[in-house]
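In the numbering used here, the protein residues as written are 2 to 195. Even glycine gets a Cβ: it sits at the ideal position worked out from N, Cα and C. These figures come from a predicted structure and were not determined experimentally. Report on the following structure.
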């Protein structure tokens, strides 16, 4: 079977639960769970599993586009495994957007850059995770070198910026949902009056 035939076979499966990006999502959940299991006594295994799970977050969306398997279940699965932007994604879907990453130019410019530059998105997400991984590793290092603290500081700045973006997402999503709620209430009141 040729590469094109294999891709075509994967592309046109009817079972959404077996779409390639969703299989990647399940793998992320399993790896993150195993990471928690090893957390107390085996930091190298814990961090390795956790990092693989995080890196797969960058792969699932690409797989969805490559195999033409973008789907609502997969979007929610991704949202659950990366819960920091739940409200932003929910508001985007409620507003009729096909993706939480599609923002208009009038939206916050740094959110637009964050979602439209894969390099910026990767650096922000990787730096955020690196900060927490370094904090975890420092617990097990008896005498960490200064380099660890420089890495902690650099990734800490990125982590702070990522948390700022999370707050902006929540505020923006809250405004979108409030606007939709207001419009729905006005429609319902108009329908009652008729």
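Cβ shell of residue i (< 6 Å), same chain only, five flanking positions each side left out
i	result
residue 17	72, 74
residue 198	Outside the displayed range of the chain (2 to 195) lies residue 198, so it cannot be described from this structure.
residue 160	129, 132
Buried or exposed by the 16-neighbour rule on C-beta atoms within 10 Å, applied to residue i
i	result
residue 25	buried
residue 146	exposed
residue 66	exposed
residue 158	exposed
residue 37	exposed
residue 131	buried
residue 195	exposed
residue 64	buried
residue 143	exposed
residue 200	Outside the displayed span of the chain (2 to 195) sits residue 200, for which this structure offers no information.
Same chain, Cβ closer than 8 Å to residue i, five either side skipped, listed in chain order
i	result
residue 33	50, 51, 54, 82
residue 134	48, 51, 52
Pick from the options that is closest to residue i, judged by C-alpha positions
i	options	result
residue 20	78, 140, 152	78
residue 169	185, 180, 113, 150	113
residue 62	179, 125, 41, 116	116
residue 156	127, 180, 119, 69	127
residue 30	40, 57, 46	57
Integer-rounded CB distance, given that residue j should sit under 8 Å from residue i
i	j	result
residue 141	residue 44	5 Å
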